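The structure under discussion appears below in the form of structure tokens.
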Amino acid sequence: MQGKIRNFCIIAHIDHGKSTLADRFLEFTNTVEKRQMKDQLLDTMDLERERGITIKLQPVRMEWKGYILNLIDTPGHVDFTYEVSRSLAACEGAILVVDSTQGIEAQTLANIHLAQAHNLKIIPVVNKIDLPNSDRQKTAEEIKKAFGFTDEEILYASGKTGEGVEKILRAVIDRVPAPSGNSNKPLRALIFDSTYDQHRGVVTFVRVVDGKLGKNEKIQTLGTKTSADALEVGFFHPKYFPSLELQTGEVGYIVTGLRDVRKARVGDTITTFGTKAEPLPGYKQIKPMVYASIFPTSGDDYPLLRDAIDKLKLNDAALEFEPESIPALGFGFRTGFLGLLHMDIVQERLTREYGLDLVLTAPSVEYKINLKHGPSKIIHTPAELPDPSQFENIEEPWVAVEILTPQKYIGGILDLITGRRGIYKNMEYLSNERVLITAEMPLANIIIDFYDKLKSVSSGYASLNYELRDFRLGELVKLDILVAQEKVEALSMIVHRDVAEAEGRALAEKLKTLIPRQQFEIAIQAAIGGKIIARETIPAVRKDVTKGLYGGDVTRKMKHLEKQKKGKKRLKRIGQVDIPQEAFLAILKK
200 MQGKIRNFCI IAHIDHGKST LADRFLEFTN TVEKRQMKDQ LLDTMDLERE RGITIKLQPV
260 RMEWKGYILN LIDTPGHVDF TYEVSRSLAA CEGAILVVDS TQGIEAQTLA NIHLAQAHNL
320 KIIPVVNKID LPNSDRQKTA EEIKKAFGFT DEEILYASGK TGEGVEKILR AVIDRVPAPS
380 GNSNKPLRAL IFDSTYDQHR GVVTFVRVVD GKLGKNEKIQ TLGTKTSADA LEVGFFHPKY
440 FPSLELQTGE VGYIVTGLRD VRKARVGDTI TTFGTKAEPL PGYKQIKPMV YASIFPTSGD
500 DYPLLRDAID KLKLNDAALE FEPESIPALG FGFRTGFLGL LHMDIVQERL TREYGLDLVL
560 TAPSVEYKIN LKHGPSKIIH TPAELPDPSQ FENIEEPWVA VEILTPQKYI GGILDLITGR
620 RGIYKNMEYL SNERVLITAE MPLANIIIDF YDKLKSVSSG YASLNYELRD FRLGELVKLD
680 ILVAQEKVEA LSMIVHRDVA EAEGRALAEK LKTLIPRQQF EIAIQAAIGG KIIARETIPA
740 VRKDVTKGLY GGDVTRKMKH LEKQKKGKKR LKRIGQVDIP QEAFLAILKK
């Protein structure tokens, strides 16, 4: 039985046709009946179907020519790399799909490096050969040059028409090794995903590495030391399909009945209760790169937001959050994401699935503060920055960047990199027209709009991949905003000294248009430490105090005006400025 199992996944750049190819596999192996077939069948979330992207990994079991083929469809976007790495740990092989109209792109490289790190057997497939602008030969040459495959290893297919699909399935059977594992040893199963069902509790998706698991057996997790009952075990067909047991090498699900999601963490090992077993090497704990604060528009929705984020965290291992409060916005959560698309998807899911109206602040990164006395500490907001006399310096995160682009856009892209304090490293030609540029950049300079700028500089042709490299010293300063001599902590930001003045001026100008005028003059200042670097003034509203005076001596008018002047002076000294919530949001959203 074990020799007849093949576990494999599909990896590719965004939009290269993974989900469509998976549809053809399901059709070809008769796993799904023709009448139930629809496009992107494995993309179960509405959001995935609307945007045409895969966000969650999705397993399915197919049977063909006496073999059991377990396929895991994976996302392609850089923000969901952790989903890909979890899928790879449950497989022995990977189908590498490359679009024949686009060629190799940045995420193709990133995903193949991941697959090689897991020692998977890779089957290269040139996809979309039915399109009129398809260049299969050129794409095959790029694959051979970049990864060292031979002509015989490369397959050609069309996910849309189904051409070449049978050859791919035959290659999976011939080339991908059967799962290794000992069926006589105690049970060890790796949790590679989990989901929450309100009637049945936590459902874990597992790959059985050793031993077997029957229905109603008592199980325990080695990491969190939690025991539960396997209320139901089964396969994905693609919906849940119960069976009596899961055997060595199989991919399936276990209904645990657990009510607390944190008890069955992704990457943990499941074994039968009371047995001594070595935990499997899990996944390295994923670290968020981008931080933003989420607030409910109405303060009453805070408990609902807390419950919603808790549930979302269940099957999104990369989401991190902790409570925080900003006086102007109330209570919310400081949340960590893997990137801007991840942030966008989380916001959209909270809004749609839980009906919440939310406010998100501008994204920021974490900084490392080296204190003069004591260990270094990590901060996520400028408000956490200690007094300058207490620390030596600030370190910021840097990333290694890979950009794949047609040759004619190199100049504009290099200007963009150096303009964002980036360091150019290397340039490698994958073909006569396509170039791989490698560079290093501060993460803070990538997260706001670097991707949009890259797309506009390259007419949409360049693709980007980045991963965290290390923390480096930078000339970073805290930029404070003062309104009527009062420091507004929520508007502070950490910026590089070179751009501090420009940022300060832009913020002051923006606030001038957003804060309503008062009876007295309001000064808006940007400061670093005690030094003011930019200033704007909102003029006072002039009330006509001489309106009721007709004729008579001019000194009467002067007396009224003088009185008004004194009053304004006093107001300026003791007057409070209420900054409206809209002003905060406009600034925080950038």
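According to the numbering used here, the residues represented by the sequence shown are 200 to 789, in order.
Quick reminder that beta carbons are idealized off the backbone N, C-alpha and C, glycines included.
These numbers come from a predicted model, not from an experiment.
Checking the sheet assignment: what are the DSSP bridge partners for valine 465? According to the DSSP secondary-structure assignment, valine 465 is paired through a beta bridge with no residue.
Here's the rule: buried if 16 or more other CB atoms are within 10 angstroms of the residue's CB, otherwise exposed. What is asparagine 836? Given that the chain is displayed from residue 200 to residue 789, the structure contains no residue 836 and the question cannot be resolved.
Three-state secondary structure assigned by DSSP to aspartate 242: For aspartate 242, the predicted model reports a pLDDT of 45, less than 50, meaning its position is unreliable; a value from the coordinates is still stated below. Correct three-state label for aspartate 242: coil.
Measure the Cβ-Cβ separation of glutamate 521 and valine 564 and say whether it is below 8 Å. Not closer than 8 Å, so no.
Count the other CB atoms, across all protein chains shown, that sit within 10 Å of the CB of lysine 411; report buried if there are 16 or more and exposed otherwise. Classification for lysine 411: buried.
In chain order, which alpha helix (DSSP H) runs of at least 4 residues are fully inside the region 497-584? Correct list: 501-513 and 539-553.
Between which residues of its own chain and asparagine 671 is the CB-CB distance below 7 Å, once the five residues before and five after are set aside? At residue 671 the sequence reads arginine, which differs from the asparagine that was named. Only Glu594, Glu595 and Trp597 meet the Cβ criterion.
Which residue's Cα is closest to the Cα of glutamate 688: Tyr623, Lys764, Glu583 and Glu761? Looking at the Cα atoms, Glu583 is the closest of the given residues.
Could you give the distance in angstroms between the alpha-carbon of threonine 617 and the alpha-carbon of aspartate 697? Threonine 617 and aspartate 697: Cα-Cα distance of roughly 14 Å.
Beta-carbon proximity list for asparagine 415, same chain, < 8 Å, skipping 5 on both sides: Excluding sequence neighbours, asparagine 415 sits near Asp428, Ala429 and Leu430.
Apart from the five residues just before and just after alanine 339, which ones in its own chain have a Cβ nearer than 7 Å to its Cβ? Cβ neighbours of alanine 339 beyond the five flanking positions: Val325 and Ile353.
Residues that DSSP places opposite proline 495 in a beta bridge: For proline 495, which the question treats as bridged, DSSP gives the partners Leu557.
For leucine 704, name the three-state secondary structure that DSSP assigns. For the record, residue 704 in the displayed sequence is arginine; it is not leucine. Here arginine 704 sits in helix by DSSP.
One or two residues paired with lysine 677 in a DSSP bridge: Lysine 677 pairs with Ile693.
Which of helix, strand or coil does DSSP assign to methionine 757? Collapsing the DSSP output to three states places methionine 757 in a helix.
Relative to the alpha-carbon of leucine 667, which residue among Leu690, Lys764, Pro487 and Phe227 has its alpha-carbon at the smallest distance? Among Leu690, Lys764, Pro487 and Phe227, the Cα nearest to that of leucine 667 is on Pro487.
What's the call for serine 393, buried or exposed, on a 16-neighbour Cβ count within 10 Å? Serine 393 comes out buried.
Spatial distance of leucine 319 from arginine 548 (CA atoms): Each residue's alpha carbon lies about 33 Å from the other.
Determine the extent of the beta strand (DSSP E) in which leucine 629 is found, giving its start and end residues. According to the DSSP assignment, leucine 629 belongs to no beta strand (DSSP E), since it is labelled neither H nor E.
Inter-residue spacing [alpha-carbon to alpha-carbon] between leucine 240 and glutamate 365: Its pLDDT being 49, under 50, leucine 240 is placed unreliably by the model, and nothing is read from it.
Near isoleucine 508, what residues of its chain come up, given a Cβ to Cβ distance below 8 Å and the 5 sequence neighbours on each side ignored? So the list reads Ile493, Leu518, Phe520, Phe532, Thr534 and Leu549, once near-sequence residues are dropped.
Of the residues Gly529, Asn644 and Lys512, which one's Cα is nearest the Cα of glycine 498? When only C-alpha atoms are compared, the closest one is Gly529.
Does DSSP classify serine 655 as helix, strand or coil? For serine 655, the secondary structure class from DSSP, reduced to helix, strand or coil, is helix.
Out of curiosity, what's the CA-to-CA distance linking arginine 633 and lysine 677? Using only the alpha carbons, I get a separation of about 41 Å.
Looking only at C-alpha atoms, which of Gly611, Leu539, Ile544 and Glu523 sits nearest to lysine 512? Cα-wise, what sits closest to lysine 512 is Ile544.
According to the Cβ coordinates, are valine 405 and alanine 377 closer than 8 Å? Cβ atoms of valine 405 and alanine 377: not closer than 8 Å.
Rounded straight-line distance, which links the Cα of leucine 287 to that of asparagine 381: One C-alpha to the other measures close to 20 Å.
What's the gap between the Cα of glutamate 700 and the Cα of isoleucine 602? Each residue's Cα considered, the two are about 30 Å apart.
Within 10 Å of its beta-carbon, does methionine 542 have 16 or more other beta-carbons around it, so buried, or fewer, so exposed? Classification for methionine 542: buried.
Rounded to whole angstroms, how far is the Cβ of lysine 372 from the Cβ of arginine 205, which I believe are closer than 8 Å? Going by the sequence as given, residue 372 is isoleucine instead of lysine. Their Cβ separation, rounded to whole angstroms, is 6 Å, which keeps isoleucine 372 and arginine 205 in contact under 8 Å.
In angstroms, rounded to a whole number, what distance separates the CA positions of proline 587 and threonine 736? Proline 587 and threonine 736: Cα-Cα distance of roughly 28 Å.
Answer with buried or exposed for valine 740, where buried requires no fewer than 16 other C-beta atoms within 10 angstroms of its C-beta. With fewer than 16 other Cβ atoms within 10 Å, it is exposed.
For the candidate residues Leu710, Ser657, Glu702 and Met692, whose alpha-carbon lies nearest to that of alanine 683? Of the candidates Leu710, Ser657, Glu702 and Met692, the one whose C-alpha sits nearest the C-alpha of alanine 683 is Leu710.
Is lysine 203 near glycine 265, with beta carbons less than 8 Å apart? Lysine 203 is a Cβ neighbour of glycine 265, given a cutoff of 8 Å.
So the alpha helix (DSSP H) aspartate 222 belongs to, where does it begin and stop? Segment 217-227, the alpha helix (DSSP H) holding aspartate 222.
Below 8 Å on the Cβ atoms is my guess for valine 402 versus aspartate 396; work out the distance and round it to an integer in Å. Right, their Cβ atoms sit about 6 Å apart.
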